[in-house]
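Worksheet for the structure shown next.
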Amino acid sequence: MFGPIGGDGQRRLAEASVAIVGCGALGSAIAETLTRAGVGELHLVDRDYVEWSNLQRQQLFVESDAEQMLPKVEAARLRLLKIRSDLALHTHFEDLDASLIRNLASKCSLIMDATDNFETRLLINDAALEAGIPWIYGACVGSSGSVFPFVPDRSACFRCLLPTLPAVNDTCDTAGIIAPAVQMTAALQCAEALKWLSGNREALLTKIHHFDLWNGSRLDTGIARIRQTDCPSCGPEPSYPALARTNRSAYAALCGRDTVQVLPDRERPVSLDDAERMARRLGEPFRRTPHFVEFHALGARFILFMNGRLLIHGAASVEEGRSLHRKVFG
Ligand SMILES: [Zn+2]
């Protein structure tokens, strides 16, 4: 009944396919709103499992999800299909890489940014530009947030803007966040999504919108003039550098969590059975579910997921994580 959307717009929503990258605080809120709005198909991407500390702001999850350490996309799937059983939902329990985002960009008409880092946003930016579809940036920390719809050929792209973005990447894990800042950011992103998907392109925001709920301030920043004429992502001869990067480091420290992530070695993947054998050999108590094996060794907590990703909790640096990994898995 909302005039600018109407019956035609609602039908367009039902035919739309949207990718949501990240299923934490923003991803939960966005997925729920788009599900209830009647978007036909959603693709959710996230590599993490539900932790107790997530429940403060990640609205799709409940205590039993944290108890069972369910993958976030799996917990989200159970909840979203209870909200709307005819939703076509596809979940991807993995790290976003170039091939996955390319694949999603070729199937979807919009990408929603619900990540917490610049590197992943550069991947989204390049894949969206290559496919000629928009993506909706959203970021929040503390009591503040920012939102902007990046539409190809309409404004500077995310890479053009990077020199003007803050060098320090504060995250919710290091600086905290209040849930209303999440909900406001997600609401603004979803409003942009509804405009685009329902065919109201002219209503899209033209400036980056920033807000701070604690002091009540708002700011809109125009970015048309920041466009770099020779930008390798949106310039006349794009090379999409983020999509070309394939040599990702296998080890990465997860910000603010004393945790090192080890990505699976494609040549020599480690299975849940391997991890269980390892834990038994070490004589350590372990826990196995259909999704992961968890065990303690050398003062750290190891969690191996079925997709081969390993988390080492209690490793303060990449070097320490690498050393623990080699000692336990050889
Ligand atoms: Zn650009």
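Read in order, the letters of the sequence shown correspond to residues 0 to 329 in numbering that gives the first Met the number 0.
Virtual Cβ for every residue (Gly too), placed ideally from N, Cα, C.
Taking just the CA atoms, how far does residue j sit from residue i?
i	j	result
Ala-113	Gly-26	5 Å
Asn-246	Leu-262	Any reading at Asn-246 must be qualified, since the residue scores a pLDDT of 49, below 50, and its modelled position is unreliable; no value is offered.
Met-183	Cys-139	9 Å
Gly-2	Met-305	47 Å
Val-167	Asn-116	Note that Val-167 scores a pLDDT of 47, beneath 50, so its modelled location is shaky and nothing firm can be said.
Arg-300	Arg-286	11 Å
Phe-210	Gly-21	22 Å
Val-317	Gly-298	16 Å
Glu-73	Leu-79	10 Å
Ile-100	Leu-122	7 Å
Arg-11	Arg-308	37 Å
Gly-5	Ala-13	13 Å
Ala-130	Thr-90	21 Å
Ile-222	Ala-75	35 Å
Gly-37	Leu-86	8 Å
Leu-103	His-42	8 Å
Glu-236	Asp-229	8 Å
Lys-376	Arg-153	The structure shown does not extend to residue 376, since the chain spans only 0 to 329, so no value can be given for it.
Met-277	Leu-204	53 Å
Ala-126	Gln-57	27 Å
Ser-216	Glu-275	53 Å
Gly-137	Arg-120	10 Å
Phe-294	Pro-284	6 Å
Lys-326	Asp-273	15 Å
Leu-242	Thr-220	28 Å
Gly-198	Leu-33	16 Å
Gly-234	Gln-227	7 Å
Met-0	His-290	43 Å
Glu-66	Ser-105	36 Å
Leu-187	Arg-279	50 Å
Glu-50	Cys-107	30 Å
In terms of alpha-carbon separation, which member of the options lies closest to residue i?
i	options	result
Arg-200	Ala-30, Val-150, Cys-159, Thr-184	Val-150
Phe-92	Ser-105, Arg-46, Ser-52	Arg-46
Asp-94	Glu-118, Arg-276, Arg-217, Gly-215	Glu-118
Glu-40	Ala-130, Ala-15, Glu-73, Ile-29	Ala-15
Ala-185	His-208, Ala-174, Gly-175	His-208
Thr-288	Arg-11, Asp-64, Ala-18, Ile-4	Asp-64
Ala-192	Gly-234, Ile-132, Ser-84, Asp-272	Ile-132
Ala-155	Gly-320, Trp-134, Ile-225	Ile-225
Pro-268	Leu-196, Phe-328, Thr-34	Phe-328
Leu-323	Gln-260, Arg-276, His-290, Thr-34	Gln-260
Gly-8	Leu-196, Ser-216, Arg-217, Leu-86	Leu-196
Gly-144	Asn-124, Ala-178, Leu-128	Ala-178
Asp-257	Ala-249, His-312, Asp-273, Gly-37	His-312
Ala-180	Ile-19, Leu-204, Leu-33, Asn-214	Asn-214
Tyr-48	Glu-62, Leu-69, Thr-34, Met-0	Leu-69
Leu-218	Tyr-239, Phe-147, Asp-273, Asp-272	Phe-147
Gly-141	Asp-264, Arg-279, Ala-174, Arg-35	Ala-174
Arg-35	Leu-242, Leu-253, Ser-84	Ser-84
Leu-160	Lys-206, Ala-202, Leu-187, Ile-176	Lys-206
Arg-244	Glu-66, Asp-96, Trp-51	Asp-96
Ile-176	Asp-264, His-290, Ser-52, Cys-107	Ser-52
Leu-271	Ser-108, Ala-252, Val-292	Val-292
Ala-314	Ala-252, Asp-264, Arg-279	Ala-252
Please check the pair residue i and residue j, which I expect to be a contact at CB under 8 Å, by giving their CB distance rounded to whole angstroms.
i	j	result
Leu-281	Ala-296	5 Å
Ser-232	Arg-158	4 Å
Glu-31	Leu-54	About 15 Å separates the two Cβ atoms, so there is no contact after all.
Ile-82	Met-111	Their Cβ separation, rounded to whole angstroms, is 17 Å, which puts Ile-82 and Met-111 out of contact at 8 Å.
Ile-29	Cys-189	6 Å
Ala-18	Val-44	7 Å
Ser-320	Tyr-250	According to the sequence shown, residue 320 is Gly rather than Ser. That pair is a contact at about 6 Å.
Distance cut 6 Å, beta-carbon to ligand 1 heavy atom: residue list by chain order: Ala-155, Cys-156, Arg-158, Cys-159, Gln-227, Cys-230, Ser-232, Cys-233
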